[in-house]
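Peer 1: Residue numbers (this note's numbering): 4 to 448.
1. For my contact list, residue 51 and residue 390 are in at a C-beta cut-off of 8 Å; report their separation, rounded to the angstrom.
2. Assess contact between the region 207-224 and the region 130-140, defined as three or more Cβ pairs (one per stretch) separated by less than 8 Å. Is contact present?
3. Please state whether DSSP places residue 432 in a helix, a strand or coil.
4. In angstroms with no decimal places, state the Cα-to-Cα distance between residue 154 and residue 345.
5. Looking only at its own chain, which residues have a Cβ that is under 6 Å from the Cβ of residue 42, when we skip the five neighbours before and after it?
6. Check each candidate in 78, 172, 300 and name the one with the smallest Cα separation from residue 384.
7. Is residue 292 closer than 8 Å to residue 365 when the C-beta atoms are compared?
8. Alpha carbon to alpha carbon, what distance is there between residue 123 and residue 403?
9. Could you name each continuous beta strand (DSSP E) segment of 3 residues or more that falls completely within the region 126-171, going from the start of the chain to the end?
10. Does the separation of the CB atoms of residue 158 and residue 325 fall below 8 Å?
11. Name the residue from 328, 420, 294, 284 whose alpha carbon lies nearest to the alpha carbon of residue 339.
12. Compute the distance between the beta-carbons of residue 92 and residue 211, then report whether it is under 8 Å.
13. How many angstroms separate the CA atom of residue 156 from the CA atom of residue 227?
14. Cβ of residue 176 within 8 Å of Cβ of residue 234?
15. Should the region 412-423 be regarded as contacting the region 245-253, the criterion being three or more beta carbon pairs within less than 8 Å?
16. How is residue 207 classed by DSSP in three states: helix, strand or coil?
17. For residue 107 and residue 165, I'd like the C-alpha separation in whole angstroms.
18. Tell me which same chain residues have a C-beta within less than 7 Å of the C-beta of residue 363, skipping the five on either side of it?
19. Between which residues of its own chain and residue 414 is the CB-CB distance below 6 Å, once the five residues before and five after are set aside?
20. Mind the definition here: the region 305-321 touches the region 250-269 only if three or more C-beta pairs lie below 8 Å; say whether that holds.
21. Please report the straight-line C-alpha distance between residue 94 and residue 290, rounded to a whole angstrom.
22. Would residue 450 be called buried (16 or more neighbouring beta carbons within 10 Å of its own) or exposed?
23. Near residue 170, which residues of its chain fall below 7 Å by C-beta distance, leaving aside the five closest residues on each side in sequence?
24. Which residues does DSSP pair with residue 173 in a beta bridge?
What follows is the structure, given as structure tokens:
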């Protein structure tokens with residue numbers, strides 16, 4: 004598995020919304036003649052509450068507390084006023100320690116998020132604390148190179164043993180996917196962080212912050228491995244008669260990857276957006292953002308699915324492929340809509356407001372699809388795109404066309420979820436016998 008994490012998903016949503024602040028096809032020094040004041044929509048847009056976590060069992064607060072205690076222990080090893088001859092290094096250490104301390108104390112500041120996302124934040128705080136402490140140790144002449152190499156070997160051996168015992172035990176294949184995709188994500192994080200780049204320096208005293216970065220990166224991977232082990236143990240204790248689902252997930256993942264790949268002929272020529280693909284000027288329109296994001300989503304999901312299958316991360320591959328099929332339907336609908344002249348007018352506040360309502364309704368409907376946990380996972384792109392778009396209005400004044408594109412995209416994403424969910428369930432149950440019918444989820448503009 005590569006970067007198909009919830010953190011990556013949130014970053015992707017944020018990247019799309021970055022365009023709301025200024026990527027409208029205009030020079031940063033230009034303005035449209037009559038810019039729509041989207042700030043007036045603050046508090047007046049339909050939104051969607053965060054649904055219950057799709058993870059099959061509860062995530063105890065003790066998992067996060069373990070990371071917080073470790074982070075506190077690490078930060079306590081760094082004095083408030085370090086005695087270091089290099090004043091610039093000493094000042095930066097103070098700033099870095101304060102930043103890590105503030106992040107640890109904020110504990111998310113009451114943000115509404117799923118427990119697994121909150122746990123991710125705790126691992127980040129722990130890795131930051133390790134980074135600051137190792138940078139301090141390097142600055143005062145302590146060399147953590149040998150201990151770090153031994154720590155990496157221990158983590159790698161533990162990860163290998165854990166991965167070798169991963170048989171996707173669950174009562175059914177759908178639950179196996181929901182329970183094990185987060186575990187695969189954590190194991191991938193552990194793999195990727197166990198060889199820090201750049202590596203620990205040969206002379207850490209001259210490069211203390213590079214030394215700290217290497218140690219913090221490995222610490223995060225070790226924390227991820229610990230979470231993977233504890234999450235699986237907790238799930239297996241709560242599961243009813245879990246049996247290995249490896250064969251079902253492997254067959255389903257590979258067949259879903261093929262279905263996603265072979266179904267893209269209908270958007271041939273549109274998967275890599277170019278300026279002249281529609282032979283019309285789309286600058287400054289919702290169509291431009293909508294098409295660029297839809298094409299990017301499909302490329303990303305396809306690449307992630309292929310990588311997950313190659314890595315034998317089959318639970319991850321199933322979810323990536325399901326979201327890929329959703330993305331394919333969105334791109335198909337967007338291409339058809341643009342060819343029919345849609346998404347290209349000048350939006351008004353009422354147009355944006357109506358689009359937000361339609362988007363919220365589509366997301367709410369998709370979240371009610373059964374099996375709920377799988378539907379929520381496939382609906383994540385729609386859900387977070389909508390929620391971020393609503394919040395963007397309170398943070399800055401987004402461009403109306405860009406904002407309209409985000410709501411329309413969320414609506415299209417959500418509209419494709421029910422059929423994609425049903426198809427994934429069929430593949431998990433029947434293997435190759437189910438056939439993907441794109442018309443089942445396609446929506447015109």
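Where a beta carbon is used, it is the ideal one built from N, C-alpha and C, also for glycine.
Peer 2: Reading it off the structure:
1. The distance from the Cβ of residue 51 to that of residue 390 is about 6 Å, consistent with a contact at the 8 Å cut-off.
2. Inter-segment contact for the region 207-224 and the region 130-140 is present: three or more beta-carbon pairs are separated by less than 8 Å.
3. Residue 432: helix per DSSP, three-state reduction.
4. Going by C-alpha positions, residue 154 is about 57 Å away from residue 345.
5. Cβ neighbours of residue 42 beyond the five flanking positions: 400.
6. Closest by alpha carbon: 300.
7. For residue 365 and residue 292, no; Cβs fall outside 8 Å.
8. Looking at the two C-alpha atoms, the distance is approximately 33 Å.
9. You should have found no qualifying run.
10. Their beta carbons are not under 8 Å apart, which means residue 158 does not touch residue 325 by this criterion.
11. That would be 294, whose Cα lies nearest to the Cα of residue 339.
12. Result yes, Cβ atoms of residue 92 and residue 211 sit closer than 8 Å.
13. Spanning the two alpha carbons is a distance of roughly 15 Å.
14. Result no, Cβ atoms of residue 176 and residue 234 do not sit closer than 8 Å.
15. No, because fewer than three Cβ pairs between the region 412-423 and the region 245-253 fall closer than 8 Å, the two stretches do not touch.
16. For residue 207, the secondary structure class from DSSP, reduced to helix, strand or coil, is coil.
17. The alpha-carbon atoms of residue 107 and residue 165 are separated by roughly 29 Å.
18. The residues are 49, 50, 51, 389.
19. The residues are 361, 362, 365.
20. These segments touch.
21. Rounded to the nearest whole angstrom, the CA to CA distance from residue 94 to residue 290 is 49 Å.
22. There is no way to answer for residue 450, as the model of the chain reaches only from 4 to 448.
23. Closer than 7 Å at Cβ, skipping near neighbours: 247, 249.
24. Assignment of beta-bridge partners to residue 173 by DSSP yields 246.
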